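Before any comments, here is the structure.
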Amino acid sequence: MILLDIGCNIGVYTVWVAALGNRVVALDMVGANLHLLQLSLYLNRLGKKVTLINNAVYRDHRTLEAFLGASRLNTSKPFKVQEDQSRTRVRVRTICLNDLVPLLKDQTIYMKMDIENTEHHALACADQLFRHVNIKIVQMEWHRRVPEESKPILNFMAAHGYAASLSSVQLSPVSLVTIRRNIDVFFLKKSAFH
Numbered sequence: 480m481i482l483l484d485i486g487c488n489i490g491v492y493t494v495w496v497a498a499l500g501n502r503v504v505a506l507d508m509v510g511a512n513l514h515l516l517q518l519s520l521y522l523n524r525l526g527k528k529v530t531l532i533n534n535a536v537y538r539d540h541r542t543l544e545a546f547l548g549a550s551r552l553n554t555s556k557p558f559k560v561q562e563d564q565s566r567t568r569v570r571v572r573t574i575c576l577n578d579l580v581p582l583l584k585d586q587t588i589y590m591k592m593d594i595e596n597t598e599h600h601a602l603a604c605a606d607q608l609f610r611h612v613n614i615k616i617v618q619m620e621w622h623r624r625v626p627e628e629s630k631p632i633l634n635f636m637a638a639h640g641y642a643a644s645l646s647s648v649q650l651s652p653v654s655l656v657t658i659r660r661n662i663d664v665f666f667l668k669k670s671a672f673h
């Protein structure tokens with residue numbers, strides 16, 4: 480199984496999974512994060528296991544402004560509109576998740592997606608990926624979300640045969656509408672867990 484690590488940051492999941500001998504495709508919009516990850520992979524002799532992609536993931540191809548945190552290393556809040564003097568503004572190129580189909584077609588995937596409440600934008604351009612790639616599990620950090628963010632995610636996942644679960648190893652259904660705290664949620668492909 481391949482890990483698709485979307486929003487890999489400095490690669491905690493990426494390095495761990497590669498060290499276990501698995502292949503990883505890791506994406507992050509912050510070049511400095513990927514440089515640190517690349518160094519870590521080199522020092523641990525794991526570079527051949529990992530493909531790094533330096534792009535943001537969004538609903539289409541464009542250039543967007545992102546604000547990088549000054550208070551903490553490697554924090555980022557993409558697509559924030561308001562001006563914040565404590566954060567560094569950068570321009571990032573976006574790709575669609577569908578762009579990854581040629582790289583991942585006919586593979587079995589565990590997807591981790593942590594892109595700071597923009598998952599609904601990423602899934603708006605992911606239909607082909609979910610049709611042509613065997614994605615068994617989608618792990619997502621679930622913040623308290625407004626309906627404009629949560630409904631597209633829940634509808635997309637349901638349309639592609641996924642159910643929200645608190646566990647990644649067995650279907651333990653959860654209603655995400657009532658969640659009032661940040662948790663990791665696992666969308667499990669129902670056909671793989673029956």
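In this note's numbering, the protein residues as written are 480 to 673. C-beta: ideal position from N, C-alpha, C; glycine also. Keep in mind that this is a model prediction, so the values were computed, not measured.
Query                                                                                       : Result
Three-state class that DSSP yields for M480 in the structure shown                          : coil
Same chain, Cβ closer than 7 Å to I574, five either side skipped, listed in chain order     : N534, V536, H540
Beta-carbon proximity list for L518, same chain, < 6 Å, skipping 5 on both sides            : none
Status (buried if at least 16 other CB within 10 Å, exposed otherwise) for T542             : exposed
Rounded C-alpha distance that separates L602 from E595                                      : 13 Å
Local conformation of N512 per DSSP, three classes                                          : helix
Residues near S646 by beta carbon distance below 7 Å, same chain, minus five either side    : F665
Residues that DSSP places opposite L579 in a beta bridge                                    : Answer by DSSP bridge pairing: none, since L579 is not bridged.
Beta-bridge partners of K668, as assigned by DSSP                                           : Y641
Buried versus exposed, by CB contacts within 10 Å (16 or more), S644                        : buried
L579 beta carbon less than 9 Å from that of V612                                            : yes
Euclidean distance between Cα positions of L655 and E627                                    : 14 Å
Between the CA atoms of T597 and V569 - distance to the nearest angstrom                    : 17 Å
Cutoff 7 Å; reference A671; Cβ partners in own chain excluding five residues on either side : K615
C-beta contact flag for A497 and L513 at 9 Å                                                : no
Same chain, Cβ closer than 6 Å to G510, neighbours up to 5 away in sequence not counted     : N533
L522 in three-state terms, based on DSSP                                                    : helix
Contact belief for G490 with L516 at Cβ below 8 Å, rounded distance in angstroms            : 4 Å
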